[in-house]
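Participant:
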Amino acid sequence: MDLRPAVIALTLAAAFVAAPTHSAAPPEQRVSVSMSTFRFKPDEIKLVHGQPYALELVNSSDESHNFVATGFFAAAHMAPAERARLAGDRIELKPGERVTLHLIAPAKGRYSYRCSHRIHMPMGMSGLIKVS
Ligand SMILES: [Cu+2]
756 MDLRPAVIAL
766 TLAAAFVAAP
776 THSAAPPEQR
786 VSVSMSTFRF
796 KPDEIKLVHG
806 QPYALELVNS
816 SDESHNFVAT
826 GFFAAAHMAP
836 AERARLAGDR
846 IELKPGERVT
856 LHLIAPAKGR
866 YSYRCSHRIH
876 MPMGMSGLIK
886 VS
């Protein structure tokens with residue numbers, strides 16, 4: 756009986772389990788964005804490629820808003836359970852709602868975000884994520 760495939764599988768499983776607790780992993784940084792009518796604060800976020808972040812979105816207004824970041828969410832690394840919280844390229848927040856998304860910053864570049872609710876973006880609900 757050849758045990759090599761089983762040994763390889765176990766070795767891979769062990770490496771996979773050990774990876775998240777590796778001491779060299781950088782600590783997650785919290786970045787908070789407040790949503791009001793009609794503004795994101797801040798409207799510019801600076802991230803570092805490969806760094807893990809807790810992106811906290813807070814709808815501090817009395818109406819619904821969303822955070823649409825098509826290119827950013829497509830390129831960011833997110834665990835499947837985190838990505839499942841998105842509706843594709845966006846996440847909706849009810850009045851007073853707060854959500855925290857865990858992700859790893861994508862490749863260097865500039866990624867825009869906005870609220871897609873009618874007239875919210877032209878009224879000022881847009882911003883820029885700069886990844887260096
Ligand atoms: Cu809005």
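Numbering (the numbering used here), first residue to last: 756 to 887.
Backbone N, C-alpha and C fix where the C-beta goes; we use that ideal spot for every residue, glycine too.
(1) Less than 6 Å between C-beta atoms, sequence neighbours within five positions excluded: which residues of the same chain meet that for Ser867?
(2) Kindly indicate which residue of His832, Gly864 and Val823 has the alpha-carbon position closest to the one of His875.
(3) Among the residues of its own chain, which have a CB less than 7 Å from the CB of Phe793, if the five just before and after it don't count?
(4) Distance check for Ala862 and Ala839, CA to CA, integer angstroms please.
(5) Is it right to say Leu767 is buried, meaning 16 or more other beta carbons lie within 10 angstroms of its own, or is it exposed?
(6) Collect the residues with a C-beta less than 5 Å away from any heavy atom of ligand 1 and give them in sequence order along the chain.
Facilitator: Quick look at the numbers:
(1) Leu883
(2) Val823
(3) His875, Met878, Gly879 and Met880
(4) 21 Å
(5) Because Leu767 carries a pLDDT of 47, less than 50, the predicted location of this residue cannot be relied on, and the following value inherits that uncertainty. Exposed: under 16 other Cβ atoms inside 10 Å.
(6) His820, Cys870, His872, His875 and Met880
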